[in-house]
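**Q** Using the numbering used here, the first residue of the sequence shown is number 917, and each one after it goes up by one.
Backbone N, C-alpha and C define an ideal beta-carbon position, used for all residues, glycine too.
Note that this is a predicted model, so its numbers are computed, not measured.
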Amino acid sequence: MRNSHKYNLKPITLELGGKSANIICPDANLEIAINQACILFGNCGQSCVAGSRTYVHESIYDKFVEGCIKYAEGIKVGDPMEASTTQGAVVNKDQFERILYYIGEGVREGATVVTGGGRWGEKGYFIKPTIFTNVEDHMKIAKEEIFGPVMSILKWSDEEDVITRANSLPYGLGAGVVTPNIDRAIKFVKRLHAGTVYVNCYDYT
């Protein structure tokens, strides 16, 4: 950005990272919410806008987690040239090691791996689709971009509190909310500090 301005005034688009909050409300349709949240696993989780901080209302938390585990364990990891494969390898060794580092940090800080949690296979840079529960806002996996197939699920109970938590990081790339209530949806859209807020969908253009 600095060089394009100072030396040649080229028009540019910056590809920046994020740690987007995705808020699942108590009235959410669980099937829609699970499918919406698990879009995270697309492209091996290598999406700058990925909703990797998944805030789920306490009243549906357990059922949501159960559904996401089923979804993640149904992902076919392997050779992308095989027709049945739905997740290939991450981009390179550095990213592979970075993702494994964050998975290790999540465990070390006290989060719970409920599925996945490591390498898939013995060759290549394949990571198992991974879901953490018992995640707290202060943990690295809830604050730093992993850029891999890792979902951190956090529990919430109060709307004002979850909005504050969602806005607590210095990233404003994307966010999501799942609710059939239009008034609640508009409230979240207006209050979340993000360039794009997806409602009942995610990463749609």
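Put G958 into one of helix, strand or coil per three-state DSSP.
**A** Looking at G958 - three-state DSSP - the assignment turns out to be helix.
**Q** Unbroken beta strand (DSSP E) runs of length 3 or more, entirely within the region 1014-1065: which are they?
**A** Correct list: 1028-1031 and 1046-1049.
**Q** My guess is that F1048 and I1069 are in contact by the Cβ rule of under 8 Å, so how many angstroms apart are they, rounded?
**A** So it is a contact: roughly 7 Å between Cβ atoms.
**Q** Considering only the alpha carbon of each residue, which of H1054, P942, E982 and Y1120 lies closest to E1021?
**A** It is H1054 whose Cα lies nearest to the Cα of E1021.
**Q** How many Å lie between V972 and V1078 at the Cα?
**A** Going by the C-alpha atoms only, they are around 9 Å apart.
**Q** Let me know if S968 comes out buried or exposed under the rule of 16 or more other beta-carbons within 10 Å of its beta-carbon.
**A** When all chains shown are included, S968 counts as buried.
**Q** Assuming V1066 and A1091 form a contact by the criterion Cβ under 8 Å, report the distance between their Cβ atoms to the nearest whole angstrom.
**A** Going by Cβ atoms, the distance from V1066 to A1091 rounds to 18 Å, so no, they are not a contact pair.
**Q** Where DSSP assigns a beta bridge to S1068, which residues make up the other side?
**A** Paired residue(s): R969 and F1048.
**Q** Give every residue of the same chain whose Cβ lies closer than 6 Å to the Cβ of I928, excluding the five residues on either side of it in the sequence, and list them in chain order.
**A** Within the same chain, I928 has close Cβ partners S920.
**Q** If I follow the unbroken beta strand (DSSP E) through T1112, where does it start and stop?
**A** Note, T1112: beta strand (DSSP E), T1112 to V1115.
**Q** With DSSP run on the structure shown, which of helix, strand or coil describes A937?
**A** Note: A937 maps to strand in three-state DSSP.
**Q** Span of the alpha helix (DSSP H) holding A949?
**A** First-last of the alpha helix (DSSP H) with A949: L946 to A953.
**Q** Nearest by alpha-carbon distance to K979: which of P942, V1006, K1044 and N959 is it?
**A** The shortest C-alpha separation from K979 is found at P942.
**Q** According to DSSP, what are the bridge partners of Q1003?
**A** Partner(s): V993.
**Q** Give the DSSP-derived three-state secondary structure of G1090 in the structure shown.
**A** The answer is strand: DSSP assigns G1090 an E or B state.
**Q** Which residue from H1109, I1057 and K926 puts its Cα closest to that of T970?
**A** Here the closest residue by C-alpha is I1057.
**Q** Mapping DSSP to helix, strand and coil, what is Y977?
**A** Residue state, collapsed to three classes: helix.
**Q** Whole angstroms are fine: how far does the CA of A953 sit from the CA of N938?
**A** Their Cα atoms are separated by approximately 7 Å.
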